[in-house]
Amino acid sequence: MTTAEGTINLLYAPYLDAYGYALPSIGSLSALFAIFRLASRIPSGAAYRPARARRQLALWLIVFTVATSGFAFAGGLLPLVLVLTVVHGYAFGALGTINLAATIDLTGGKRAGVTMGWYTASLSTGYAVGAFLGGALADRFGIGAALAVLGFPPALASLAVLRLPPIAAPEHEVARGAGLRGLLAAHRRVDSRVWLATVVVLYINVISDAIDSFFALFGLAVGLPLAASGALKGLKSSAATFIRFISAGVFRYIDHRTVNFWGVILMGVSTLLIPVLPTFGVLVVLFAINGVCRGLLRVTSSAAVAEVRSEGHDVGIASGVYNAGLDIGAILGP
15 MTTAEGTINL
25 LYAPYLDAYG
35 YALPSIGSLS
45 ALFAIFRLAS
55 RIPSGAAYRP
65 ARARRQLALW
75 LIVFTVATSG
85 FAFAGGLLPL
95 VLVLTVVHGY
105 AFGALGTINL
115 AATIDLTGGK
125 RAGVTMGWYT
135 ASLSTGYAVG
145 AFLGGALADR
155 FGIGAALAVL
165 GFPPALASLA
175 VLRLPPIAAP
185 EHEVARGAGL
195 RGLLAAHRRV
205 DSRVWLATVV
215 VLYINVISDA
225 IDSFFALFGL
235 AVGLPLAASG
245 ALKGLKSSAA
255 TFIRFISAGV
265 FRYIDHRTVN
275 FWGVILMGVS
285 TLLIPVLPTF
295 GVLVVLFAIN
305 GVCRGLLRVT
315 SSAAVAEVRS
325 EGHDVGIASG
335 VYNAGLDIGA
345 ILGP
């Protein structure tokens, strides 16, 4: 899923540019991904049910493939590009929401720190693999071919999803009420830990996306070449991914709630010090700290969502709210 998304993130702008789209049009169309990803979160979380999660995932994986590989056959036509962009954004948001809820239900919410460490690490690894393969295939065979090929794996994954064991609801599940009133009541009952996790991921995405958007310009202003800015960004991403893989070891010695508290503080401090100490050696340390904090906070926040399952809370609703925080932060940051 994130491999295909990493590919589209890299190739979407060059794809539109190849068909003569102006920069303002490329920017406006690109914004639709985030808008419709956010728009999908609450409805997808509300529609989630453990008993039908496998079918929901399989359906959205196929839709996601069509809305990714479809660009290869759209010929750059605006109506088709517009529809594919909207559907792609919505499908990716739905997949992320349902997949998190299904993972929590499938594992029973147990060993939440370890499970969410591997889960979030696999997501970030997929983005990196998609960007690498997308660029390599686009250079060798063209952008259309890269989108067609790397958009197809989610459809194959739908077959594996259907072979998963049945996904059970929590033993003490709190039933939703009927109709819109029941849905609104379910959102009002969202546990405070989920709201805290949502605020945390909104915060880390505001900071991370703000840095990613403007650091290259800041770097040039203080005499850093673009290569140095790129290396620092790569270091931050690598640190965030690496720490997720080994987070299980971290949580053996430090409670994830403690990590949550200090991670927020250290990420803020490391960000505030960037314009104060803009020498490359210091920035290496600050970006490494920033990346480690981001990686750990993604694990601890998603673990907080997983923990509420044992108390019968609706993980579909919780996942929708939590993932909406990610999207809002990504929009507000730049």
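In the working numbering, the protein residues as written are 15 to 348. Glycine included, C-beta positions come from ideal geometry on N, C-alpha and C.
Please report the residue range of the alpha helix (DSSP H) in which residue i lies.
i, result
"A245", "240–259"
"D153", "126–155"
"E19", "16–32"
"T79", "67–83"
"L96", "92–121"
"A48", "37–61"
Quick one: Cα of residue i to Cα of residue j, how far?
i, j, result
"V313", "G233", "30 Å"
"L37", "S44", "10 Å"
"L250", "T285", "The sequence given here places Lys at residue 250; Leu does not occur at that position. Taking the straight line from one Cα to the other gives about 12 Å."
"P292", "D341", "29 Å"
"P93", "A32", "17 Å"
"V298", "T272", "25 Å"
"F301", "A224", "13 Å"
"D205", "V329", "10 Å"
"A72", "P180", "14 Å"
"L75", "A116", "14 Å"
"A160", "H102", "16 Å"
"A60", "P184", "16 Å"
"F155", "A86", "12 Å"
"V208", "L151", "40 Å"
"I56", "G295", "43 Å"
"F166", "T111", "20 Å"
"Y35", "V264", "47 Å"
"F259", "G90", "39 Å"
"T1", "T17", "Any property of residue 1 remains undetermined from this structure, which presents the chain solely from 15 to 348."
"M15", "V77", "11 Å"
"A253", "G196", "42 Å"
"V220", "L240", "22 Å"
"F236", "A245", "Checking the sequence shown, residue 236 turns out to be Val, not Phe. Computed Cα separation, rounded: 16 Å."
"G41", "A27", "8 Å"
"A162", "A88", "11 Å"
"L210", "D153", "43 Å"
"G127", "I218", "18 Å"
"F228", "S39", "21 Å"
"G347", "R177", "39 Å"
"H327", "G158", "44 Å"
"S243", "S333", "34 Å"
"A169", "I345", "28 Å"
"Y267", "S261", "10 Å"
"A316", "V213", "It is worth fixing the name first, because residue 316 is Ser in this sequence and not Ala. Distance between the alpha carbons of S316 and V213: 12 Å."
"H270", "L30", "43 Å"
"L46", "P289", "32 Å"
"E19", "D226", "18 Å"
"A200", "A320", "17 Å"
"L98", "R203", "35 Å"
"A338", "A318", "15 Å"
"F256", "N274", "17 Å"
"I279", "V306", "12 Å"
"G343", "V215", "7 Å"
Answer with yes or no whether the minimum CB distance from residue i to chain D is below 9 Å.
i, result
"T111", "Annotation note: the requested chain D is absent from the structure, which comprises a single protein chain."
_Is it the case that the stretch 101–116 contacts the stretch 47–59, given that we only count it when at least three CB pairs across the two stretches are under 8 Å?_
yes
*Enumerate, from N- to C-terminal direction, the unbroken alpha helix (DSSP H) stretches of 4 or more residues contained entirely within the stretch 160–241.*
167–176, 193–202, 206–235
*asked:* Assess contact between the stretch 137–148 and the stretch 15–27, defined as three or more Cβ pairs (one per stretch) separated by less than 8 Å. Is contact present?
replied: yes
*Determine, using beta-carbon pairs with one atom in the stretch 58–65 and one in the stretch 114–125, whether at least three such pairs fall under 8 Å.*
yes
_Contact the stretch 67–86 vs the stretch 133–140: 3+ CB pairs below 8 Å_ = no
*Enumerate, from N- to C-terminal direction, the unbroken alpha helix (DSSP H) stretches of 4 or more residues contained entirely within the stretch 265–343.*
270–286, 294–321
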